[in-house]
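Asker: Please see the structure below; I have some questions.
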Amino acid sequence: MDRLTPEARSANMKAVRRKDTAPEMIVRRLLHAAGYRYRLHVKKLPGSPDIVFPGRKKAIFVHGCFWHGHDCRAGRRPQSRQDYWVPKIARNRERDAASVDALSRSGWTSLTVWECRVTDRDSLTEQLVDFLGPAGSVIDGKERG
Ligand SMILES: [Zn+2]
Numbered sequence: 000m001d002r003l004t005p006e007a008r009s010a011n012m013k014a015v016r017r018k019d020t021a022p023e024m025i026v027r028r029l030l031h032a033a034g035y036r037y038r039l040h041v042k043k044l045p046g047s048p049d050i051v052f053p054g055r056k057k058a059i060f061v062h063g064c065f066w067h068g069h070d071c072r073a074g075r076r077p078q079s080r081q082d083y084w085v086p087k088i089a090r091n092r093e094r095d096a097a098s099v100d101a102l103s104r105s106g107w108t109s110l111t112v113w114e115c116r117v118t119d120r121d122s123l124t125e126q127l128v129d130f131l132g133p134a135g136s137v138i139d140g141k142e143r144g
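Note that numbering that gives the first Met the number 0 gives residue 40 to position 41 of the sequence shown, counting from 1, and the numbers run on in steps of one.
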């Protein structure tokens, strides 16, 4: 019983796929190429971080600039419907900060990678290596990172 037209279904599929956002895919590909191993969207951790390194107790959030209120061009608020966006984005920011706090209280460190920063691969790689330490330096059971 599928009453969706092919067009509607394809639009649906696109919406579903957006969960693995393009910026996140860029970060994942970079990490993988650099030899890091990770888990994705770990729901039992505060904020369900996008990319998780259990052996290192490190977590990465890849945030869209608009939705998470980055202080950059892409994070600028639209002039219309401010009563809608402003509180919504404020709530996201509060939730993000609370997740980082909760992670840190359980001994985890976290890094936020902003969507607008993933285009500069060299500086992104540098930032990731700085945060994680060298690839392959941690071995924990299932994960050889
Ligand atoms: Zn940004």
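Cβ coordinates follow ideal geometry from the N, Cα and C atoms, glycine included.
Applying the criterion that 16 or more other CB atoms from any shown protein chain within 10 Å of the CB defines a buried residue, is His-31 buried or exposed?
Answerer: Sequence index remark: in the sequence shown, residue 31 carries index 32 (1-based). Burial state of His-31 is exposed, judged by a 10 Å Cβ sphere holding fewer than 16 other Cβ atoms.
Asker: Between the C-alpha atoms of Ile-50 and Pro-22, what's the straight-line distance to the nearest angstrom?
Answerer: Here the question's residue 50 lines up with position 51 in the sequence shown. Here the question's residue 22 lines up with position 23 in the sequence shown. Approximately 12 Å between the Cα atoms of the pair.
Asker: Can the beta-carbon of Asp-95 be found less than 9 Å from the beta-carbon of Thr-108?
Answerer: Taking the first residue of the sequence shown as position 1, residue 95 is located at position 96. Taking the first residue of the sequence shown as position 1, residue 108 is located at position 109. In this structure, Thr-108 does not lie closer than 9 Å to Asp-95 by Cβ.
Asker: Can you tell me whether DSSP reads Trp-107 as helix, strand or coil?
Answerer: Counting from one through the sequence shown, the residue named residue 107 turns up at place 108. Coil.
Asker: Kindly indicate the opening and closing residues of the alpha helix (DSSP H) around His-62.
Answerer: One-based indexing of the sequence shown puts residue 62 at position 63. First-last for His-62: 57-62, but that is the beta strand (DSSP E), not the alpha helix (DSSP H).
Asker: Examine ligand 1 and report whether any of its heavy atoms sits within less than 8 Å of the Cβ of Glu-114.
Answerer: Start at 1 with the first residue of the sequence shown, and residue 114 comes out as number 115. At least one heavy atom of ligand 1 is nearer than 8 Å to the Cβ of Glu-114, so yes.
Asker: Over the uninterrupted beta strand (DSSP E) stretch that includes Val-51, give me the two end residues.
Answerer: As a working mapping, residue 51 is identified with position 52 in the sequence shown. Residue range 50-52 is occupied by the beta strand (DSSP E) that includes Val-51.
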